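Colleague: Numbers in our numbering are just positions in the sequence shown, counted from 1, shifted up by 9. Take this structure, written in structure tokens, and hold onto it; I'll ask about it next.
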Amino acid sequence: MTADQWTSHVAIAITVTDESGTITEMNPTSISTFSADGGAKLIGSDVLACHPEPSRSKLAAMYESHQPNHYTIQKNGQKKIIHQIPLFEGTVFMGYVEISIPIPDQLPHFDRG
């Protein structure tokens, strides 16, 4: 199964932007998650325009620094962990992939090593 295939069948939201912050890809879960904001119509739009402050400024700084960002949220009773990971082709910054994964209220932690 190729990346294009499995991302369509996984119950996590995957959103991809290019180096300027334009949304270029959304998997079906991402489209559904953001349906109230336009769903698939968000493809081609500026990701910064989709966020209020202070998130907008944080994202703008990330596009300058190319650093990852990780945090948890709770929305409509569902906790999620968000990973915003920079994409590179060699050393050239290509944008970000945001992965939103539903998590349980109590998440086990294991120290390995």
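We put the beta carbon where it would ideally sit given N, CA and C, even for glycine. Remember, it's a predicted structure, so these values are computed and weren't measured experimentally.
Can you look up residue 109 in the DSSP assignment and give me helix, strand or coil?
Modeller: Correct three-state label for residue 109: strand.
Colleague: Ignore the nearest five residues each way along the sequence and tell me which others in residue 72's own chain have a CB closer than 7 Å to its CB.
Modeller: Result list for residue 72: 30, in chain order.
Colleague: In whole angstroms, what separates the C-alpha of residue 119 from that of residue 113?
Modeller: The straight-line gap from Cα to Cα measures roughly 16 Å.
Colleague: Could you tell me which residues DSSP pairs with residue 32 in its beta bridges?
Modeller: Beta-bridge pairing links residue 32 to 26.
Colleague: Please go through the same chain and pick out, in chain order, the residues whose beta-carbon is closer than 6 Å to the beta-carbon of residue 104, but skip the five residues on each side of it.
Modeller: If we look at residue 104 and ignore the five residues flanking it on each side, its Cβ neighbours are 26, 27, 28 and 96.
Colleague: Going by DSSP in three states, residue 115 sits in which element: helix, strand or coil?
Modeller: It is coil, neither helix nor strand.
Colleague: Quick check: the Cα distance between residue 39 and residue 22, rounded to an integer number of angstroms?
Modeller: About 4 Å.
Colleague: Of the choices 101, 44, 107 and 66, whose alpha-carbon is the least far from that of residue 90?
Modeller: For the residues 101, 44, 107 and 66, the minimum Cα distance to residue 90 belongs to 107.
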